[in-house]
Amino acid sequence: MFDIIVRNALDIVGQTERLIEAMRRMLQSEEFDEVEVYELDYEIERLGDIVFNVDEAVRSLVRSVEYSLKGAHVHAICRTVH
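Residue numbers for the sequence shown follow the working numbering, so the first one is 2 and each next one is one higher.
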């Protein structure tokens, strides 16, 4: 279950990054007026910040679970030895 959540979150991050790149290419096509370009660029930056934060949160969650599992494993070994 945990691995499915992580994979789906990372898929969302990847898809959003591709969307950001597509939006940047659209901006370069010069089909927008100056105000639309500014607004779209601002939203791209905000979306990029959100994606970065989600990516970091998912990776932090993975590290936390891995450390917890390692700690539980070590604790189980210590209890078995004693």
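C-beta atoms are modelled at their ideal positions from N, C-alpha and C, and glycine is treated no differently.
Fair warning: this is a prediction, and the values are worked out from it, not measured in the lab.
Legend entry - Residue nearest to residue 28 in terms of C-alpha spacing, selected from 42, 15, 16: Position 27 of the sequence shown holds residue 28. Nearest C-alpha to residue 28: 42.
Legend entry - Per-residue DSSP class, three states only, for residue 142: Outside the modelled stretch of the chain, which goes from 2 to 83, sits residue 142, for which no answer is possible.
Inset, instruction - Pull up the distance between the alpha-carbon of residue 7 and that of residue 13, whole angstroms please. - result: The count along the sequence shown starts at 1 and reaches residue 7 at position 6. The count along the sequence shown starts at 1 and reaches residue 13 at position 12. Cα to Cα, the separation comes out at about 10 Å.
Inset, instruction - Starting from the Cα of residue 16, find the closest Cα among 58, 62, 48, 69 and give me that residue. - result: Within the sequence shown, residue 16 is the residue found at index 15, counting from 1. Residue 48 is the option with its Cα nearest to residue 16.
Inset, instruction - Might you give, ordered along the chain, the residues of its own chain that have their beta carbon closer than 7 Å to the beta carbon of residue 26, omitting 5 neighbours on each side? - result: The residue given as residue 26 occupies position 25 in the sequence shown. Around residue 26: no qualifying Cβ.
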